[in-house]
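Peer 1: Each residue of the sequence shown is one higher than the last, beginning at 97 in my numbering.
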Amino acid sequence: MDLGTILWLHQRIGNAAPIFMALLGILSLINYARGQGLDGGMIGAIVVGEIMMIVMAVLGISLFIAFNRINNLSIHFLYGSLSVIFLPGLWVYTRGETDRRASLIWGLAGFFMMGLTLRAIGTAG
97 MDLGTILWLH QRIGNAAPIF MALLGILSLI NYARGQGLDG GMIGAIVVGE
147 IMMIVMAVLG ISLFIAFNRI NNLSIHFLYG SLSVIFLPGL WVYTRGETDR
197 RASLIWGLAG FFMMGLTLRA IGTAG
């Protein structure tokens, strides 16, 4: 894969990430409003979101190694690193619970991740 393709994928997945995380937040809050916990579909969406963040990180690290430009991207790396560890950290924090309270937590987390990915886009070089 050439660098142009890696950059293109990094940008496109980066543009899709805030939308996906917002949908994750909306659907989880809908479950909360209905009095439901996390179901298999929501847990699957959380896993897909985490895979999306990991792929973004791998592509970003590949671009960093190729271009070696850390001087103006340190904040971008901070947001990228946090976006990779946030969802697994929240899973550990909630101890894998799937009750109604977990739906609220994951709904808010979806919107937090949306903001995090938007900030990462804003700090991209």
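Note that the Cβ used here is the ideal one computed from N, Cα and C, for glycine as well. Just so you know, these numbers come straight off a predicted model, no measurement behind them.
In whole angstroms, give me the CA-to-CA distance for Ser-199 and Thr-213.
Peer 2: In a straight line, the C-alpha of Ser-199 is about 21 Å away from that of Thr-213.
Peer 1: Quick one, which of Gly-218, Ile-201 and Leu-155 has its alpha-carbon nearest Thr-101's?
Peer 2: Looking at the Cα atoms, Leu-155 is the closest of the given residues.
Peer 1: Answer yes or no: do Asp-195 and Leu-134 have a C-beta to C-beta separation smaller than 9 Å?
Peer 2: In this structure, Leu-134 lies closer than 9 Å to Asp-195 by Cβ.
Peer 1: What residue does the alpha helix (DSSP H) around Ala-162 start on, and which one ends it?
Peer 2: Counting along the chain, the alpha helix (DSSP H) containing Ala-162 begins and ends at 136–163.
Peer 1: Within 9 Å (strictly less), CB to CB, does Leu-200 reach chain B?
Peer 2: In summary, chain B is missing from the structure at hand, where a single protein chain is found.
Peer 1: Closest to Leu-204 by CA distance: which of Leu-99, Tyr-128 and Gly-136 is it?
Peer 2: Closest by alpha carbon: Tyr-128.
Peer 1: Determine the DSSP secondary structure at Gly-176, reduced to helix, strand or coil.
Peer 2: Gly-176 falls in the helix class under three-state DSSP.
Peer 1: Between the Cα of Val-188 and the Cα atoms of Val-151, Ala-113, Arg-108 and Trp-202, which residue gives the shortest distance?
Peer 2: The candidate whose alpha carbon is nearest that of Val-188 is Trp-202.
Peer 1: For a test of the three-state rule: what should DSSP assign to Gly-206, helix, strand or coil?
Peer 2: Here Gly-206 sits in helix by DSSP.
Peer 1: For Gln-132, does the three-state DSSP call read helix, strand or coil?
Peer 2: Gln-132 falls in the coil class under three-state DSSP.
Peer 1: Between the C-alpha atoms of Leu-159 and Glu-193, what's the straight-line distance to the nearest angstrom?
Peer 2: Computed Cα separation, rounded: 37 Å.
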